[in-house]
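Participant: Protein chains in written order, with the numbering used here: chain A, 72 to 315; chain B, 4 to 112.
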């Protein structure tokens, strides 16, 4: 590592008096400043756009589902692929740090699925999505449901090429979650409040939570559902149909 | 810890752009309304640059403040978080600054 006192000669003998502060890292004129001015995530965004173009050309609609661990993403998916599978081709990308457990659950419904393990990574990115699309090769006109890694922070930043982003929160998590994780709720097209069957047993205010979500994302749609009882799922399926 | 992936993207981009020349410093712009923590980014930068053309480079982070404009009353104001609420009561607020996540420049050679 180049330390300040290791910096190369300034090009003029010391101890000349000179106005620049000593310890300047670079000798004047020795380095070249290159203007870059590009988005940090330009490469990911480019790959995501390619994924989007590829899917759009095949009539494939991808929905990126994000939540904290345990909000019910996989159970919602199991219901959805079972309920919607007769209407149109449905395929699933399962993102987890480790294991194939979620893919095995989805496969149990007879749905096409590919598992992406991110290892130490905390989110899916556009390159992983591209590999998943290659492995899965979804049929034309498919609904492609992408279950992101359970995490309410990191996945918000990474475009996969999806049509829409869905954020799921369960009623056991706390009404104020949209305020605590505003970046995630700010990018959502739809918020699903899941586990509504547990509302009688927990201190959760559905309307207040929806207001919190709208305070960081005024146009966001909010639906209350229960993957266990099926309450509200028809509205969620209607919304999915609208995405085509 | 998405800062690791974010920082990896920065280092990949500048090393590619440097074309084999050593990278001495990198300047990035990280708005205060992004979900990126500058200190985490600095920590990751030291790890990610190891063994690359940017090893030992200095990371300089500019942090543009958050700002918004109310679409209802047209007033412009500072945003310290993503809760979009104008003092006029409107929540129809456009974010005009603070969401930047860009590589500005680098020094090579």
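Beta carbons: idealized from backbone N, C-alpha and C, even for Gly.
(1) Taking 7 Å as the threshold (beta carbon to beta carbon), is residue 102 (chain A) in contact with chain B?
(2) Taking a cut of 7 Å between CB atoms, which residues from the stretch 94–106 of chain B lie near chain A?
(3) Using a 10 Å radius around the Cβ and a threshold of 16 neighbouring Cβ atoms, would you call residue 284 (chain A) buried or exposed?
(4) Taking residue 122 (chain A) as part of the alpha helix (DSSP H), name the residues at either end of that continuous run.
(5) CA-CA distance, residue 97 (chain A) and residue 45 (chain B)?
(6) So with CB distances below 7 Å, who are the chain E contacts of residue 280 (chain A)?
(7) For a cutoff of 7 Å on Cβ pairs, would you count residue 160 (chain A) as touching chain B?
(8) Listed from N- to C-terminal order along the chain, which residues in the stretch 186–215 of chain A have their beta-carbon within a distance smaller than 9 Å of any beta-carbon of chain B?
(9) Using beta-carbon positions only, say whether residue 237 (chain A) and residue 204 (chain A) come within less than 7 Å of one another.
(10) Residues in its own chain within less than 6 Å of residue 174 (chain A) by CB, not counting five upstream and five downstream?
(11) Have a look at residue 30 (chain B) and residue 231 (chain A) and give me their C-alpha separation to the nearest angstrom.
(12) Bridge partners of residue 217 (chain A), per DSSP?
(13) Do we get a CB-CB distance below 7 Å when we pair residue 74 (chain B) with the residues of chain A?
(14) Using 10 angstroms around the beta-carbon of residue 68 (chain B), count the other beta-carbons present and answer buried if the total reaches 16, otherwise exposed.
(15) Counting pairs of beta carbons, one from the stretch 91–111 of chain B and one from the stretch 294–307 of chain A, are three or more of them closer than 8 Å?
(16) Contact defined as beta carbons within less than 8 Å: I believe residue 243 (chain A) pairs with residue 273 (chain A). What is the distance between those atoms, to the nearest angstrom?
(17) Do we get a CB-CB distance below 7 Å when we pair residue 110 (chain B) with the residues of chain A?
(18) Give the secondary structure of residue 159 (chain A) by DSSP, where H, G and I count as helix, E and B as strand, and everything else as coil.
(19) If residue 99 (chain B) sits next to residue 70 (chain B), beta carbons under 8 Å apart, how far is it from one beta carbon to the other, in whole angstroms?
(20) Taking Cβ-Cβ distances shorter than 7 Å, what residues in chain A pair up with residue 64 (chain B)?
(21) What is the residue span of the alpha helix (DSSP H) that residue 96 (chain B) lies within?
(22) Need the endpoints of the beta strand (DSSP E) that residue 28 (chain B) sits in, please.
(23) Please return the same chain residues whose Cβ sits closer than 7 Å to the Cβ of residue 82 (chain B), not counting the five positions on each side in sequence.
(24) Contact between the stretch 249–266 of chain A and the stretch 134–150 of chain A: three or more CB pairs below 8 Å?
(25) Count the other CB atoms within 10 Å of the CB of residue 144 (chain A); is the residue buried (16 or more) or exposed (fewer)?
Facilitator: A quick look at the data gives this:
(1) Position 31 of the first chain, counting from 1, holds the residue named residue 102 (chain A). Interface residue, yes.
(2) If the cut-off is 7 Å between Cβ atoms, the stretch 94–106 of chain B has 94, 95, 104, 105, 106 near chain A.
(3) Here residue 284 (chain A) is taken as the residue at index 213 of the first chain, counted from 1. With 16 or more Cβ atoms within 10 Å of its Cβ, residue 284 (chain A) is classed as buried.
(4) Translated into positions along the first chain, residue 122 (chain A) becomes position 51. From DSSP, the alpha helix (DSSP H) with residue 122 (chain A) extends over 113–128.
(5) Taking the first residue of the first chain as 1, we reach residue 97 (chain A) at position 26. Taking the first residue of the second chain as 1, we reach residue 45 (chain B) at position 42. Per-residue confidence for residue 97 (chain A) stands at a pLDDT of 45, beneath the threshold of 50, marking its modelled position as unreliable; the derived number appears in the next sentence. Their Cα atoms are separated by approximately 20 Å.
(6) In the structure shown, chain E cannot be found, because the protein chains are A and B.
(7) For the purposes of this step, residue 160 (chain A) is identified with residue 89 of the first chain, where counting begins at 1. No, its Cβ sits nowhere closer than 7 Å to a Cβ of chain B.
(8) With the criterion set as a beta carbon lying under 9 Å from some beta carbon of chain B, the members of the stretch 186–215 of chain A are 191, 192, 193, 194, 196, in sequence order.
(9) Residue 237 (chain A) sits at position 166 when you count from the first residue of the first chain. Residue 204 (chain A) sits at position 133 when you count from the first residue of the first chain. Taking 7 Å as the Cβ cut-off, residue 237 (chain A) and residue 204 (chain A) do not qualify as a contacting pair.
(10) Position 103 of the first chain holds residue 174 (chain A). Shown here for residue 174 (chain A): same chain residues with a beta carbon closer than 6 Å to its own, the five before and five after excluded, namely 165, 184, 186 in chain order.
(11) Residue numbering aside, residue 30 (chain B) sits at position 27 when the second chain is read from its first letter. Residue numbering aside, residue 231 (chain A) sits at position 160 when the first chain is read from its first letter. Roughly 26 Å separates the two Cα atoms.
(12) For the purposes of this step, residue 217 (chain A) is taken as the residue at position 146 of the first chain. DSSP output for residue 217 (chain A) lists A:135, A:164 as bridge partner(s).
(13) As a first step, residue 74 (chain B) must be located in the second chain, where it is residue number 71. Answer no: the Cβ-Cβ gap between residue 74 (chain B) and chain A never drops below 7 Å.
(14) Residue numbering aside, residue 68 (chain B) sits at position 65 when the second chain is read from its first letter. Exposed: under 16 other Cβ atoms inside 10 Å.
(15) Using a C-beta cut-off of 8 Å, the stretch 91–111 of chain B makes no contact with the stretch 294–307 of chain A, since fewer than three inter-stretch Cβ pairs fall below that distance.
(16) What you label residue 243 (chain A) is simply residue 172 of the first chain in a count that begins at 1. What you label residue 273 (chain A) is simply residue 202 of the first chain in a count that begins at 1. So it is a contact: roughly 6 Å between Cβ atoms.
(17) Taking the second chain and counting its residues from 1, the one referred to as residue 110 (chain B) is at position 107. Output row for residue 110 (chain B): interface = yes.
(18) Along the first chain, one-based indexing puts residue 159 (chain A) at 88. Looking at residue 159 (chain A) - three-state DSSP - the assignment turns out to be coil, as it is neither helix nor strand.
(19) Translated into the one-based positions of the second chain, residue 99 (chain B) becomes position 96. Translated into the one-based positions of the second chain, residue 70 (chain B) becomes position 67. Their Cβ separation, rounded to whole angstroms, is 5 Å, which keeps residue 99 (chain B) and residue 70 (chain B) in contact under 8 Å.
(20) As a working note, residue 64 (chain B) is residue 61 in the second chain. Neighbours of residue 64 (chain B) on chain A: none; closest Cβ ~11 Å, over 7 Å.
(21) Locating residue 96 (chain B) in the second chain gives position 93, where the first residue counts as 1. First-last for residue 96 (chain B): 96–100, but that is the beta strand (DSSP E), not the alpha helix (DSSP H).
(22) For the purposes of this step, residue 28 (chain B) is identified with residue 25 of the second chain, where counting begins at 1. Residues 26–33.
(23) Residue 82 (chain B) sits at position 79 when you count from the first residue of the second chain. Contacts found: 36, 69, 70, 71, 98, 101.
(24) Enough Cβ pairs lie closer than 8 Å, so yes.
(25) As a position in the first chain, residue 144 (chain A) is number 73, starting the count at 1. Result: buried.
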